[in-house]
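Below you'll find the structure, written out as structure tokens, and then a few comments.
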Amino acid sequence: MRGASRAVRREGKRLALVPTMGALHEGHLSLVRAARAACDVVAASIFVNPTQFGPNEDLAKYPRSFERDCEMLEREGVEFVFAPSVEEMYPAGAVTWVTVEELSGKLDGGSRPGHFRGVTTVVAKLFHIVEPDKAFFGQKDAAQVAIIRRMVRDLNLAVEIVVCPIVREADGLAMSSRNAYLGPEERKRALVLHRALVRVQRMVEAGERDVGPLSAAGIYEFARESSVRLDYFEIVNPDTLDPVEDVSRGALVAVAAYVGATRLIDNILLGPAKSDNHEGH
Ligand code: AMP
Numbered sequence: 003m004r005g006a007s008r009a010v011r012r013e014g015k016r017l018a019l020v021p022t023m024g025a026l027h028e029g030h031l032s033l034v035r036a037a038r039a040a041c042d043v044v045a046a047s048i049f050v051n052p053t054q055f056g057p058n059e060d061l062a063k064y065p066r067s068f069e070r071d072c073e074m075l076e077r078e079g080v081e082f083v084f085a086p087s088v089e090e091m092y093p094a095g096a097v098t099w100v101t102v103e104e105l106s107g108k109l110d111g112g113s114r115p116g117h118f119r120g121v122t123t124v125v126a127k128l129f130h131i132v133e134p135d136k137a138f139f140g141q142k143d144a145a146q147v148a149i150i151r152r153m154v155r156d157l158n159l160a161v162e163i164v165v166c167p168i169v170r171e172a173d174g175l176a177m178s179s180r181n182a183y184l185g186p187e188e189r190k191r192a193l194v195l196h197r198a199l200v201r202v203q204r205m206v207e208a209g210e211r212d213v214g215p216l217s218a219a220g221i222y223e224f225a226r227e228s229s230v231r232l233d234y235f236e237i238v239n240p241d242t243l244d245p246v247e248d249v250s251r252g253a254l255v256a257v258a259a260y261v262g263a264t265r266l267i268d269n270i271l272l273g274p275a276k277s278d279n280h281e282g283h
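The sequence shown runs 3 to 283 under the working numbering.
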């Protein structure tokens, strides 16, 4: 992979990397298309990274569809698929980690201890192997975006991070490889995540700025869908992931919930309030 990457760059071409865990859907393909538009050559990685799964999580049953994924990537004109084995990525005795302190304990990091340490370690390794000019990530994993951006800044990594919007099903459910776990009834109940976020967004559009009533309204949607277990519903600064008190300067509204045994996440990014923008006054 590194040989291929260096050959591309020797020709003066710009290389994009799209890191994935496979089981590809339109969300992943949106990243591939953005990469295609921004760079000359596109590499996608497919690696179900064991170090970002907790001991009681779904590593063993995580959906895998390598042949189909390769066909989809080929149709998008992706030049390179990097799909290393676990042994290749983690040689026996590997004990070195990349940890973004503090941020890694927030949002999903609170309920999935060690998750973001696994993410940042594998992403740093992918960056070193592939040496891309730009790497493409989805806003779907908002905490991951904040943590990877911080890692790149803190470690002076020579890669530009590009973040692409969340791709949703027609009814609003954020696309995810884990949606494949949902039975028909669960699939309907899963809509509560998006419904709660839209409710908050409407209140903000109607002028509400205080996090108190906004959170309460979002959490209330979950109370009405009692079969779905809320993990967190938080309104935070999108860079620091710290709670905010009001959303005038923009905020990330992030949610995680268990629909049956399946843990789903979703979020919306609120922009700075227009009425609070005093530029030109
Ligand atoms: P994953 O294979 O789940 O690790 O995801 C690989 C990349 O695709 C990550 O950067 C995700 O944020 C992104 N991604 C996953 N689902 C979506 C979606 N529905 N919309 C946009 N990006 C997504």
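Where is the CB? At the ideal position from N, CA and C, for every residue including glycine.
Using the beta-carbon count (16 or more within 10 Å), is residue i buried or exposed?
i: residue 227; result: buried
i: residue 158; result: exposed
i: residue 196; result: buried
i: residue 94; result: exposed
i: residue 108; result: buried
i: residue 88; result: exposed
i: residue 111; result: buried
i: residue 39; result: exposed
i: residue 268; result: buried
i: residue 58; result: exposed
i: residue 138; result: buried
i: residue 256; result: buried
i: residue 97; result: exposed
i: residue 68; result: exposed
i: residue 223; result: buried
Hey, quick one: how far does the alpha helix (DSSP H) through residue i stretch, first residue to last?
i: residue 66; result: Careful: residue 66 lies outside any alpha helix (DSSP H) and carries neither H nor E.
i: residue 132; result: 117–132
i: residue 206; result: 193–207
i: residue 150; result: 144–156
i: residue 110; result: 110–113
i: residue 11; result: 4–12
i: residue 40; result: 28–40
i: residue 219; result: 213–225
If you draw a straight line from the C-alpha of residue i to the C-alpha of residue j, how long is it?
i: residue 281; j: residue 251; result: Since pLDDT at residue 281 reaches only 46, below the 50 mark, its modelled position is unreliable, and the value read off the structure follows with that caveat. In a straight line, the C-alpha of residue 281 is about 13 Å away from that of residue 251.
i: residue 220; j: residue 209; result: 16 Å
i: residue 173; j: residue 190; result: 10 Å
i: residue 20; j: residue 6; result: 16 Å
i: residue 259; j: residue 230; result: 7 Å
i: residue 22; j: residue 114; result: 19 Å
i: residue 143; j: residue 184; result: 19 Å
i: residue 34; j: residue 130; result: 20 Å
i: residue 179; j: residue 27; result: 7 Å
i: residue 74; j: residue 215; result: 44 Å
i: residue 101; j: residue 164; result: 21 Å
i: residue 65; j: residue 199; result: 27 Å
i: residue 70; j: residue 76; result: 10 Å
i: residue 135; j: residue 262; result: 40 Å
i: residue 132; j: residue 160; result: 12 Å
i: residue 153; j: residue 56; result: 22 Å
i: residue 225; j: residue 80; result: 44 Å
i: residue 37; j: residue 170; result: 19 Å
i: residue 241; j: residue 84; result: 30 Å
i: residue 99; j: residue 12; result: 30 Å
i: residue 236; j: residue 194; result: 15 Å
i: residue 204; j: residue 116; result: 35 Å
Go to residue i, then tell me how far its beta strand (DSSP E) extends in each direction, as first and last residue.
i: residue 137; result: 136–140
i: residue 233; result: 230–238
i: residue 164; result: 162–166
i: residue 96; result: Premise fails: residue 96 is in no beta strand (DSSP E) and is neither H nor E.
Between the options, which lies nearest to residue i when the distance is taken from Cα to Cα?
i: residue 8; options: 82, 276, 229, 255; result: 82
i: residue 264; options: 61, 6, 17; result: 61
i: residue 140; options: 89, 181, 249, 176; result: 176
i: residue 15; options: 142, 43, 34; result: 43
i: residue 49; options: 225, 216, 134, 25; result: 25
i: residue 207; options: 37, 166, 272; result: 272
i: residue 369; options: 76, 253, 45; result: Beyond the ends of the chain as shown, which are 3 and 283, falls residue 369; an answer cannot be given.
i: residue 212; options: 239, 218, 248, 205; result: 248
i: residue 168; options: 11, 17, 29; result: 29
i: residue 127; options: 166, 86, 116; result: 86
i: residue 72; options: 46, 53, 233, 54; result: 46
i: residue 63; options: 182, 187, 106; result: 182
i: residue 78; options: 275, 32, 51; result: 32
i: residue 232; options: 192, 270, 201, 238; result: 192
i: residue 243; options: 106, 194, 3, 68; result: 106
i: residue 238; options: 266, 270, 223; result: 270
i: residue 245; options: 217, 266, 51, 116; result: 217
i: residue 51; options: 17, 188, 92, 266; result: 92
i: residue 41; options: 4, 3, 162, 117; result: 162
At a threshold of 7 Å, does residue i count as lining the ligand SAH (C-beta to nearest heavy atom)?
i: residue 208; result: The ligand SAH is not part of the structure shown, which contains the ligand AMP as its ligands.
Using a C-beta cutoff of 8 Å, does residue i count as contacting chain B?
i: residue 60; result: Of the protein chains in this structure there is only one, and it is not chain B.
Taking 8 Å as the cut-off, does the region 145–160 touch the region 120–133 (at least 3 CB pairs, one atom from each stretch)? In short, these stretches touch, since the Cβ pair count reaches three.
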